Each structure stands twice: as structure tokens, then as C-alpha cells.
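Below: one structure, written as C-alpha cells.
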Amino acid sequence: MKKLRIGIVGTGFIAPFHRNSFGQWPDAEIVGMCTHSNREKLHRMCAEWRIRPYDTYEQMARDPGVDALIIGSVNTEHFSQIMLAQELRKPVLCEKPVVTTLEELDLIRASVARTGVPVVPAHNFIYRGAVKAGRAVMRSGALGQIIYSSFISNHTLSDEHIHGWRSKLALGSGGALMDSGHHQVYQSIGFMGTPVALHAFKSRLALTDMEGEDTAHVQVQYADGSVGTIFQSWTNVKGGPVDGIRIVGTKGSLVISDALYVNGEKQNTETGYENSFLGQARGFLDVVLKGAAPDSSLDDARDTLQLILLAYKSIETNSVLPFRSGC
11 MKKLRIGIVG TGFIAPFHRN SFGQWPDAEI VGMCTHSNRE KLHRMCAEWR IRPYDTYEQM
71 ARDPGVDALI IGSVNTEHFS QIMLAQELRK PVLCEKPVVT TLEELDLIRA SVARTGVPVV
131 PAHNFIYRGA VKAGRAVMRS GALGQIIYSS FISNHTLSDE HIHGWRSKLA LGSGGALMDS
191 GHHQVYQSIG FMGTPVALHA FKSRLALTDM EGEDTAHVQV QYADGSVGTI FQSWTNVKGG
251 PVDGIRIVGT KGSLVISDAL YVNGEKQNTE TGYENSFLGQ ARGFLDVVLK GAAPDSSLDD
311 ARDTLQLILL AYKSIETNSV LPFRSGC
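Numbering (my numbering), first residue to last: 11 to 337.
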């Protein structure tokens, strides 16, 4: 069996999740890693994993022994790294946000359309078993007419995140909404599609050393008239009663918390963070090796980014704004 030989960009906390997940599939192999910053950590991790450390991204990307790339670098580096991979005809799995401007994302989409070489957004939450099963329930129409939906997450950050590059707006291009909030937004799009209007708010309540918001709340309305909530907070771990996905329709309800519940009946328990990477790895391999469609595409990434950028505009203007997908 021919293995897809993969290089990882970045030595942050996410790298081991990718390495461990791809390592469980027989048609994949992590062969190298590079970083722009902590060289000592790079060599220590590569020695432990028995893979090659590369001096630069370009060196790793141009190595004929590397077939595909996982990009987990600082947001501002994603665009140039993706475009070099496109030039070299090497598939990419890119951490969220893929990029932070619609102009760059449209250039990437145009390049992919021209080359046929996939760039897959690392929207790992969409690969959770409970989410996949929940989306199937939605498609079946079992909940009837949808009335309300919520996508909510409360958690804290490590000191590395609080004092690292994410603390700077010039590098992160936003706070909780642009970063972790990506997960809530792309899941909302996966279940509900894009809204037709939104009104957003943000606060910096606890993590005052960071330049961006630590709490963001987006109210949305969909074309069918249903309303929803998208909420992300970095301030606490006490959100258990409201955290997760909740959708209420005229014929039933769906909840994804510690499991998928449909009308209160537990149906799927695969909600774990680590398992989401396993499913994502399989999904990426199927895209590259079998020509399958990803569960979350660059079109979804664009809608996600567009919604987040429009939410920031709503905050600045304190206004309800229309959402038009693709604009």
C-alpha cells in the first residue's frame, strides 16, 4: 500500500493531535516537521517521533519525499504557505482560519479550481461522530420546522495561548470569535446553512492582557425564519448547562453535549476532541487518495470567515446586517 507522506508545519499543541491521528491510518505517514520559531522544540519532537526536522517550510514543501502538508502555523503565514503548496501541486490540510481575508481565500479557491489540488480546512469538529449523525437527523426532517438553534462554547486558554501570538490582533486578526469561534460558526453552517441577517456583540472581561475579545455573541436569523445563537467565550469552564449544539423544531429536538440526544434519547457518544482529529485525518486521506469531497469545504470556510468578519462589522456599527453568501 502506498502511503501519503505528510509534513507538519508548526510545533504547537495541535501538532501531536495530527501526528497521532494520521498515525492510526495505514495509508498515511508523518515524515517531517518545520517551524518558524522554537528550533529546540522542533528537534526534540522530531527526535521523539523519528521524523525529519526541516530548516524552513520551503525546504520541506519542495522535498519530493513529502506528498502533502498540514499547516498549523501562525495565521499570517497560511496564505503564502498554501500558495507554494499549490505551485508544487501538494495537497494541504490547513488549520482554521484558513486565512483571515476573503480576498486571500478567493485566490486560494481560484487556484484549487485551476490545479485540482485540494486545500481542506481543518474543521475537525464537523468530523465528530455525533455531529455527522446529528446532521443526518437534520436532513431527514425528523425535527420538523426548525424554530431555534444554538452553538455555544465556554472554555479557558493556556498561558501559551494567552501570552502567545493569539494575544496580538496583528497576528490573530481577532479574538475569541475569529479563533475558537470558528468551530461554532462552521458547525452552525453545517447544520443550518448560512443566515440572512446577524447582530453581534463582544467583550473583553477576563483576559485583559489580550488585545482581542475573550467573549463574542452573534444572533442570527435564517431564511426559513428560525433564529439562532453563536457564542464563544474564553473566560470559564462553567458553561456545561448551555455548552454544545441545541436545535429545536416543531416535531423534536437535537442536543450534542456529551453525546447526541434526539428527543432526549442518546444516539451517538462520539463527541471527543481527539476522535475528531481521527475522523478528520480519514476525511483528508479520502479527499487526496480517493477524490472524495470533504465534510467541510473551502466554500464552507469562506462562509465561516464572511460571517465572522460581518459580525465584527456589526459590532463596530451596532447594527443588524444582512448576510449574502459569496459577497
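Think of the CB as a built atom: it goes at the ideal place given N, C-alpha and C, for glycine as much as any other residue.
Model, not experiment: these values are computed from the prediction.
When DSSP reads this structure, Glu275 sits in a beta bridge with Val272.
Taking 8 Å as the cut-off, the Cβ atoms of Met70 and Gly20 do not count as close.
Unbroken beta strand (DSSP E) stretches of 3 residues or longer found wholly inside the region 40-110: 78-81, 102-105, given in chain order. In the DSSP secondary-structure assignment, Leu331 is bridged to Leu208. Per DSSP, Gly222 lies in no beta strand (DSSP E) and is assigned neither H nor E. In this structure, the straight-line span from the alpha carbon of Thr245 to that of Glu170 is close to 15 Å.
Look at Pro26 here: in three-state DSSP terms it is helix. The region 122-170 contains, as complete alpha helix (DSSP H) runs of 4+ residues, the segments 139-150 (chain order).
When C-beta atoms of the region 297-309 are compared with those of the region 173-185, fewer than three pairs fall below 8 Å, so the two segments do not count as touching.
At a Cβ-Cβ threshold of 8 Å, Thr260 and Gln155 count as neighbours. In this structure Arg49 is exposed. Its beta-carbon is surrounded by fewer than 16 other beta-carbon atoms within 10 angstroms.
Below 8 Å, too few C-beta pairs join the region 113-128 and the region 141-160 to call them touching: fewer than three.
Taken through DSSP and simplified to helix, strand or coil, Gln34 comes out as coil.
By alpha-carbon distance to Leu115, the top candidate from Ser324, Phe333, Ser329, Thr314 is Thr314.
Between Gly82 and Ala123, the gap from beta carbon to beta carbon reaches 8 Å or more. Taking 8 Å as the cut-off, the beta carbon of Phe135 is found closer than this to the beta carbon of Ser286. In the three-state reduction of the DSSP assignment, Thr314 falls in the helix class. Contact check between the region 218-227 and the region 288-307: fewer than three CB pairs, one atom from each, fall below 8 Å, which does not count as touching. A check of alpha carbon separations from Tyr196 across Ala216, Ile162, Val258 identifies Ile162 as the nearest.
When secondary structure is reduced to three states using DSSP, Leu14 falls in the strand class.
The Cβ-Cβ distance between Asp73 and Leu14 does not fall below 8 Å.
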